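Numbering (this note's numbering), first residue to last: 2 to 428.
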Ligand code: HAM
């Protein structure tokens, strides 16, 4: 019995690979427009690279084993720790801010669900060495420009933005203790995906003070309203400072031409442990899919992983959800899988001549197929047609000896008798 791929792993048949390549082409093109350069790292890393700082959720999903040298290793579940290590190792020698992107294949032993597999390709775009809010705006503009480039609009996709510093200052000013913050973050992070009562129970379990819990309720009720939050917490200078930073971020996003894609949303916290500031996620506006993309600022990670104190921010955008959305909206281009030319000969004995002409077309950078064994002309033409080529170059013995071929355009069946050299020169 033939065995399929492992659950959550994909076989990429040519049409599926063409779709993946299309996305990667767009990713590379937009990253380039913003001045990012591509890097890569190893798919297998020391286990401790992730146990240090990624957070419980992702560590619980690791593909991990002991290698033959007794090392504890893991397939990379995300790129950020590798990036942090690579940059920290050469930080002094590099011009800042560093603008890097990568398209790694990542592995997570996830619960099977729509939009989540056990391997995926993820565009990572990161800026390292810049703490200004302008960098946060620049980064999110890259993600949104990719949405535009694949034909999506601000009606289809929303960018939800928040800031962990703002959330922290609000919670502290609401009376939440420092040691209660992590559990409150985790509860708020899941608000979109869990019933309200579950969130409430989690917050009750996490926060001792009843007043603080009531403030959190009010805070969550106003999670999308920056003005209301500013009013309610007007007595806290820390909160007001964070709100001013958020307003500056929103103003920069507007200046970059992506303002109409943005929703402020305090319930965006993100699951990964290392984020320290601005956080964001892109979602399909129907709410049907998991996040298209997620990222934020992680100003402490380079110090933790590589002993170099550099602010950093970035995002990851997977291929799975985005492909599903584009397919659902009929926005995926039809893959071109056929060659342009088919070289055929009238005479079954002319295979070597066919090869010579194919070679000359290929030297002109054209894609070419022909029958890989002697065949009758009608068979060859049938193959050419089912291969979907644009044109057939037909060799007829007396013509060919006089340097001439017939070029048949498949779309309308028209034929042209032309000199082979002149035809090749015209390409
Ligand atoms: P993340 O939110 O874990 O962030 O993943 C980012 C994106 O990768 C998700 O929004 C989703 O599109 C895709 N993704 C994640 N897991 C899966 C999966 N199991 N199947 C399909 N797609 C998936 C990070 O990984 C951060 N390291 C991103 C980052 C880069 N932050 C800063 N720089």
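We put the CB at the ideal spot given by N, CA and C, even for glycine.
All values reported here derive from a predicted model rather than from experimental measurement.
Limits of the beta strand (DSSP E) - the one that residue i falls within
i, result
"residue 155", "Looking at the DSSP string, residue 155 is not in any beta strand (DSSP E), and its letter there is neither H nor E."
"residue 108", "106–108"
"residue 279", "279–285"
"residue 73", "73–76"
"residue 298", "294–298"
"residue 264", "263–265"
"residue 274", "Premise fails: residue 274 is in no beta strand (DSSP E) and is neither H nor E."
"residue 420", "416–420"
"residue 346", "342–346"
"residue 46", "45–47"
"residue 65", "65–67"
Cβ pair residue i, residue j closer than 8 Å
i, j, result
"residue 309", "residue 94", "no"
"residue 160", "residue 264", "yes"
"residue 222", "residue 267", "no"
"residue 56", "residue 272", "yes"
"residue 397", "residue 347", "yes"
"residue 158", "residue 320", "no"
"residue 107", "residue 77", "yes"
"residue 392", "residue 369", "no"
"residue 208", "residue 185", "yes"
"residue 144", "residue 25", "no"
"residue 275", "residue 299", "yes"
"residue 315", "residue 128", "yes"
"residue 82", "residue 110", "no"
"residue 151", "residue 283", "no"
"residue 100", "residue 277", "no"
"residue 187", "residue 213", "no"
"residue 31", "residue 146", "yes"
"residue 383", "residue 428", "no"
"residue 323", "residue 16", "no"
"residue 344", "residue 419", "no"
"residue 53", "residue 305", "yes"
Reduced DSSP category for residue i - H, G, I as helix; E, B as strand; rest coil
i, result
"residue 253", "helix"
"residue 91", "helix"
"residue 392", "strand"
"residue 232", "helix"
"residue 409", "strand"
"residue 8", "coil"
"residue 238", "helix"
"residue 27", "helix"
"residue 79", "coil"
"residue 369", "strand"
"residue 357", "helix"
"residue 195", "coil"
"residue 349", "helix"
"residue 424", "helix"
"residue 258", "coil"
"residue 403", "coil"
"residue 33", "helix"
"residue 205", "helix"
"residue 374", "coil"
"residue 111", "coil"
"residue 86", "helix"
"residue 134", "helix"
"residue 335", "coil"
"residue 174", "helix"
"residue 216", "helix"
"residue 310", "coil"
"residue 387", "helix"
"residue 268", "coil"
Extent of the continuous alpha helix (DSSP H) to which residue i belongs
i, result
"residue 59", "57–60"
"residue 186", "182–190"
"residue 118", "Run containing residue 118: none; DSSP gives neither H nor E here."
"residue 54", "Careful: residue 54 lies outside any alpha helix (DSSP H) and carries neither H nor E."
"residue 226", "Element bounds for residue 226: n/a, residue is neither H nor E."
"residue 325", "320–329"
"residue 302", "302–307"
"residue 96", "Neither: residue 96 is in no alpha helix (DSSP H) and is coded neither H nor E."
"residue 397", "That residue, residue 397, is in no alpha helix (DSSP H); it is neither H nor E in DSSP."
Beta-bridge partners of residue i, as assigned by DSSP
i, result
"residue 127", "101 and 315"
"residue 163", "280"
"residue 431", "Outside the modelled stretch of the chain, which goes from 2 to 428, sits residue 431, for which no answer is possible."
"residue 39", "102"
Proximity test, Cβ basis, 8 Å: residue i and chain B
i, result
"residue 356", "Absent from the structure is chain B; it holds one protein chain and no more."
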